[in-house]
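Below is one structure; the comments refer to it alone.
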Amino acid sequence: MPTSPIDADLIRQSATVLAAAIAAGEVSSREVVQAHLDRIGEVDEAVHAFLHVTAHEALETADTVDAKRAAGDPLGPLAGVPLALKDVLAMRGVPTTCGSRILEGWRPPYDATVVERLRDADVVILGKTNMDEFAMGSSTEHSAFGPTRNPWDLDRIPGGSGGGSAAAVAAFEAPLAIGTDTGGSIRQPAAVTGTVGVKPTYGGVSRYGLVALASSLDQAGPCARTVLDAAHLHAVIAGHDPRDSTSIDAAVPDVIAAAQRADVRGMRVGLVRQLDGEGYAPGVRQRFAEAVEILTHLGAEIVEVDCPHFEYALGAYYLILPSEASSNLARFDGMRYGLRSGDGSDASVESVMSATREAGFGAEVKRRIMLGTYALSSGYYDAYYGQAQKVRTLIRRDFDAAFDKADVLISPTAPTTAFRLGEKLDDPLAMYLNDIATIPVNLAGNAAMSLPIGLSPDDGLPVGLQIMAPAMADDRLYLAGAAVEGALYDRWGHLLIEEAPAL
Amino acid sequence: MSASTASTKPTSTVPFDEALTRYEPVLGLEVHVELGTESKMFCACPTAFGAEPNTQVCPVCLALPGTLPVINSAAVESIIRMGLALNCTIVEWCRMARKNYFYPDMPKNYQISQYDEPICVDGYLDVVVPLPDGEGTTTVRVGIERVHLEEDTGKLTHAGGATGRIHGADYSLVDYNRAGIPLVEIVTKPITDTGALAPAVAKAYVAELRDIMRGLGVSDVKMEEGSLRCDANVSLNRPGDEWGTRTETKNVNSLRSVERAVRSEIERQAGVLDTGGRITQETRHFHEDTGVTTPGRSKEQAEDYRYFPEPDLVPIAPDAAWVEQLRATIPEQPSIRRARLAQDWGIGAFEMESLVNAGVLQLVETSVEEGVEPDAARKWWAGELLRVANERGVEPQDLPVAPGDIKRVEELIAAGTINDKLARSVFDGIISGEGDADAVVAARGLTVVSDDSALLAAIEQALADQPDVAEKIRGGKVAAAGAIVGAVMKATRGQADAGKVRTLLLDHLGVAEA
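These protein sequence lines are chains A and B, in that order. Residue 1 is where the first sequence starts when you use my numbering, and the numbers rise one by one after that. Residue 504 is where the second sequence starts when you use my numbering, and the numbers rise one by one after that.
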């Protein structure tokens, strides 16, 4: 793995290296943060990863870290390292839009638990990243503030909903980012941008302050360029939070140690029959097959597993998600914060609420609110929401059975590489199919990672490998992910992201 | 909101007694009780009544984007105790649910409530209902369908406009202090076969619930502050027919209103049915001033609340052993306790009610347990001590009078050391911190004058002062003795036994009692 001297380009360093260099006084946090702010200034007009850059606060925080270090005060584990925050997490005093017009102008009076933990770890937050509106989408094209572009090819999508966070990391605007994953919104952007993204076990990271899309599916997690960096960030943000009832009150698996061990010898790796074959691009399948070979070569035991109910995952997901979203998004009504439309002396409460929601929500959000409202309606509840919950149980059982045979499961993260902007915008179903491999994990609540395994021979764009682990066995993702990453690094002599064209 | 419908046309009502000759009422009562927990249902905000608007709020109860609810375990404990007091089954596992509808008093535009999985089910409450014309009482068993937990909404104030209601208002203000206060909803099974007693049953049920909640200490149950609210469902049917269409009357803000609202709705519905009309299923609004109900929103356009299990909260699974511990904390049901005590003390329902209304039942009971005679305990607590408490503006239980004090005062009276009048002075001394009964008697010199020679001297003096009265008595007009007795009592500053003075006087004059 890379151990470049720190005098090299600061923006190309891993978070692990930067943290060590800052702690050792080889470089100041201000220098590191300024280098990244400069990079944002150079490339973000083209990439549009950020919706809001908190340059002033970031430099202030950097100075505080540098002062603490100078005074010999204890520093947090990622002290002074910059990070990009998905705009779906509340940060005190900083605009938080969720990519929507309806929240324009809202500045939260409180910090999300994830933000609090980042602050406690002395991480420097550079700003808020772009996303599909309320995290609904797989391309970031549904942002009300314009799409983010893929640093590998600016005509292509960076994935979604967390395209901004993935692109920021891929474009060297930040070594770390926070994403959120409801159906693949961390993993699919990671796959198509050649970066690493982890969806922790549901309940592993507090949702307090994460503006809810689908409460039973949402989970925040790390985005990075290396598995070890992701592990460091994971360790900072994970752990029980009494403010989130669904947060798990148990010790966080030691993900850093697992990433450092990077060992799959004797590990049983399951190939999910239902997540391969038809619908997956040839170039994606080719790289995936090579990853399987690498795992075998590294000493893993490959087994095939059946998850027959995964076939119904997409359908169940598109009933559960819109149902919860239709309720979660009801609070955006123009009465208390954000946009207010249609107000006037003759306007009624109902008309202002309607006009605000009409003006403030984009087409995809409205589509899902209508889907969810319908699915929950009396007379349809059992057929839609009720059935979807049964499917969810069956998918959980599929995972349980698969994890009896295998320690981790693997699949391609996404069926294709990054598609072109606008390509699937008019075809919601095609867009939804992008998450076919990532959705089962959200429905079951377990953990998964995507890491880069090469460029597709079809189009020269990155392909991601998905590794799935049982709930609260997140460390296995890092054990296997770091092993594959290390083998590929040895083969290429560099990280895949180094092959991205200059911006 | 619906415009007026056909049923709002004024229809003449049928007098209550007449209505009952043709129709049988079916009642259903939904009572909301605001819990008296320190903090709200899902956040740490305080719950005190009457604070400045929007001063008891936080990101969670304002439902700011990203915030999450965390259930208040004190509220769960309260509702389980309430369920146990209402003879309910406490379920082993249940979930909260979201009730979705848009209204600006609700910051999430959904209410966290319970739907098909209430925490307490299938109970009952026996209520003692007074029969008309003071013919005693009857006990009616009211079935409890469910008791569930939910959160209260904020409060809207409609400004401008004449009525203070939403129609015609210029603008509305929202106070979210109340939003998220834990609320318990208690729903009865249909109450049938009560006939003309229906209004009294409704009132007695709500009163009994109120007493139970007070006894459990889970709520201050003040109807006037809205911490206890009752919605009354009423329908009428002809004997033998299926139940009629029901209406739900809201804004019933006192016990008296519960009775009046049910009565008025029976009279109104009978009027509609008598003229061949149809009852509209709707929400109606009770008016305290006129005693009648008027239509609110029509349930025919009822909203679809799109209930689904609340995904932000984990299921509630009360531990069986904990439930049993809570069961041990449930006090005896108030009406059963009152009946038992009334029998023990040999008093009637009316006397018992006056003790309850005076708020001294517990004090009397404690005094009796400490050995005070029931009559004496009642006499002092419902009489002199209550008067003193009122005069001083304190609750009777806050007076520094112990059962032992009452017991000692009674002993002193029995021994003839003091009389009732002096006893009042003894209590005054005790309450003023002058020590116990004996100490007050000694310090204030309150002993009854029982020395015959001293009394005879006083009698002779009085006779000498009023020779004309003395003549009358000697002449056989015994009734005139009162004037002399009065003068003696005055001369001894009340420290004499009036009966004894009278006996001595008549003996002295050699006159026999009439």
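Note that beta-carbon positions come from the ideal geometry of N, C-alpha and C, so glycine has one too.
C-beta contact flag for residue i and residue j at 7 Å
{"i": "B/Ala707", "j": "B/Val826", "result": "no"}
{"i": "B/Leu902", "j": "B/Ile934", "result": "yes"}
{"i": "B/Val1014", "j": "B/Val1004", "result": "no"}
{"i": "B/Ile921", "j": "B/Ser870", "result": "no"}
{"i": "B/Phe789", "j": "B/Ala773", "result": "no"}
{"i": "A/Val349", "j": "A/Gly342", "result": "no"}
{"i": "A/Leu582", "j": "A/Ser450", "result": "A query on residue 582 of chain A cannot be resolved here, the shown segment of chain A reaching from 1 to 503 and no further."}
{"i": "B/Val863", "j": "B/Pro899", "result": "yes"}
{"i": "A/Val303", "j": "A/Gly270", "result": "yes"}
{"i": "B/Leu686", "j": "B/Glu537", "result": "yes"}
{"i": "A/Val33", "j": "A/Leu59", "result": "yes"}
{"i": "B/Pro568", "j": "A/Val211", "result": "yes"}
{"i": "B/Ile694", "j": "B/Val645", "result": "yes"}
{"i": "A/Asp249", "j": "A/Arg207", "result": "no"}
{"i": "B/Pro518", "j": "B/Phe545", "result": "no"}
{"i": "A/Ala238", "j": "A/Gly204", "result": "yes"}
{"i": "A/Val227", "j": "A/Tyr489", "result": "no"}
Simplified DSSP assignment, three categories, for residue i
{"i": "B/Gly1002", "result": "helix"}
{"i": "A/Tyr110", "result": "coil"}
{"i": "A/Met449", "result": "strand"}
{"i": "B/Val677", "result": "strand"}
{"i": "B/Asn756", "result": "coil"}
{"i": "B/Pro633", "result": "strand"}
{"i": "A/Phe419", "result": "coil"}
{"i": "B/Asn736", "result": "strand"}
{"i": "B/Leu949", "result": "coil"}
{"i": "B/Gln784", "result": "coil"}
{"i": "A/Glu301", "result": "strand"}
{"i": "A/Glu290", "result": "helix"}
{"i": "A/Ser348", "result": "coil"}
Exposure label - residue i; buried when at least 16 CB within 10 Å
{"i": "B/Glu521", "result": "exposed"}
{"i": "B/Phe853", "result": "exposed"}
{"i": "A/Arg357", "result": "buried"}
{"i": "A/Pro470", "result": "buried"}
{"i": "B/Thr508", "result": "A caution first: B/Thr508 carries a pLDDT of 42, below 50, which makes its placement in the model unreliable, though a value can still be read off. Exposed, since its Cβ has fewer than 16 Cβ neighbours within 10 Å."}
{"i": "B/Gln964", "result": "exposed"}
{"i": "B/Lys543", "result": "buried"}
{"i": "B/Tyr604", "result": "exposed"}
{"i": "A/Thr180", "result": "buried"}
{"i": "A/Asp132", "result": "buried"}
{"i": "A/Ala401", "result": "exposed"}
{"i": "A/Arg491", "result": "exposed"}
{"i": "B/Glu728", "result": "exposed"}
{"i": "B/Lys993", "result": "exposed"}
{"i": "A/Val192", "result": "buried"}
{"i": "B/Arg781", "result": "exposed"}
{"i": "B/Ile839", "result": "exposed"}
{"i": "A/Gly486", "result": "buried"}
{"i": "B/Leu634", "result": "exposed"}
Cut-off 8 Å between Cβ atoms - residues of its own chain near residue i, not counting five sequence neighbours on either side
{"i": "B/Asp955", "result": "Leu1007"}
{"i": "A/Met431", "result": "Gly137, Ser138, Ser139, Lys424 and Leu425"}
Beta-carbon contacts of residue i that lie in its chain and below 7 Å, excluding the five residues immediately before and after
{"i": "A/Ala171", "result": "Val43, Val47, Ala49, Pro151 and Leu503"}
{"i": "A/Asp306", "result": "Arg273"}
Other residues of its chain near residue i: CB distance less than 6 Å, five sequence neighbours each side excluded
{"i": "A/His416", "result": "Strictly speaking, residue 416 of chain A in this sequence is Thr, with His absent from that position. Contacts found: Ala281."}
{"i": "B/Ser510", "result": "Because the pLDDT at B/Ser510 is just 45, under 50, the model does not fix this residue reliably, and the point stays unresolved."}
{"i": "B/Asp734", "result": "Glu533, Glu751 and Lys753"}
{"i": "B/Thr642", "result": "Asp629 and Val631"}
{"i": "B/Val817", "result": "none"}
{"i": "A/Gly504", "result": "In the structure as shown, chain A starts at 1 and stops at 503, and residue 504 of chain A therefore has no counterpart that could be examined."}
Closer than 6 Å: residue i CB and nearest the ligand GDP heavy atom
{"i": "A/Met472", "result": "Of ligands this structure carries none, so the ligand GDP is not represented either."}
* Secondary structure, alpha helix (DSSP H): runs of 4+ residues fully inside the region 151-210 of chain A -> If we require 4 residues or more, the alpha helix (DSSP H) runs fully inside the region 151-210 of chain A come out as 163-170 and 187-193.
* **Length-filtered (4 minimum) alpha helix (DSSP H) runs lying within the region 831-878 of chain B** => Here the runs fully enclosed are 837-848, 852-861 and 864-872.
* To do: Scan the region 38-96 of chain A and note each continuous beta strand (DSSP E) run of 3 residues or more that stays entirely inside, going in chain order.
  => Fully enclosed beta strand (DSSP E) runs of 3 or longer: 50-53 and 82-86.
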